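Here's the structure, in structure tokens; my notes come after.
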Amino acid sequence: MAGTLSEVTDTNFQAEVLEADGPVLVDFWAPWCGPCRVVAPILEEIAAERSDLTIVKLNVDENQQTAANFEVLSIPTLILFKNGAVAKKVIGAYPKRKLEAELEPVLSA
């Protein structure tokens with residue numbers, strides 16, 4: 558299911574996301590979630606197009622601690638981290654253009 562995107566876990570979340578050099582978009586998802594499957598190829602497209610953004614996936618069923626820490630109550634939830642802090646939270650499956658419109662102001666700031 559992960560395709561070209563890396564998976565992060567409770568164990569490596571700190572190193573891979575919070576301590577990352579650039580912005581990281583985390584896709585909180587689960588294999589049984591239909592909308593999560595819709596958003597996955599969109600995220601892979603964005604990841605392929607943007608060298609300034611890292612996109613990773615976190616399976617909420619297997620990594621409940623991290624999901625709870627960031628109050629992920631419904632999926633898909635996308636959280637953009639900049640400098641180790643939450644910069645933007647997007648809940649639900651968005652079309653590519655709308656998702657990019659949500660993220661762009663934060664990424665270019």
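With the first letter of the sequence shown counted as 1, position 32 gets the number 589 in the numbering used here; the numbers rise by one all the way through. No residue lacks a Cβ here, since even glycine has one placed at the ideal position from N, Cα and C. Small disclaimer: the values here were computed from a predicted structure and weren't measured.
Query: Would you mind giving the Cβ-Cβ distance between N626 and T566, rounded to the nearest angstrom? I have them listed as a contact below 8 angstroms.; Result: Not really, about 13 angstroms apart at Cβ, beyond 8 angstroms.
Query: For the beta strand (DSSP E) containing A666, list its first residue and its last residue.; Result: Here A666 belongs to no beta strand (DSSP E), and DSSP marks it neither H nor E.
Query: Which two residues bound the contiguous alpha helix (DSSP H) that contains L600?; Result: 591-606
Query: Considering only the beta carbon of each residue, do I612 and S631 sit closer than 7 angstroms?; Result: no
Query: Count the C-beta pairs between the stretch 634-652 and the stretch 579-599 that are closer than 8 angstroms, then say yes if the count reaches three, no if not.; Result: yes
Query: Grab the span of the beta strand (DSSP E) containing A572 for me, first residue to last.; Result: Premise fails: A572 is in no beta strand (DSSP E) and is neither H nor E.
Query: For T623, count neighbouring Cβ atoms within 10 angstroms of its own Cβ and tell me buried if that reaches 16, exposed if not.; Result: buried
Query: Taking 8 angstroms as the limit between beta carbons, can you name the residues of its chain near L575, skipping five residues before and five after?; Result: F638, G641
Query: Whose CA, out of K653, L660, K614, A644, lies closest to the CA of T561?; Result: K614
Query: Taking the continuous alpha helix (DSSP H) assigned at N620, which residues delimit it?; Result: Careful: N620 lies outside any alpha helix (DSSP H) and carries neither H nor E.
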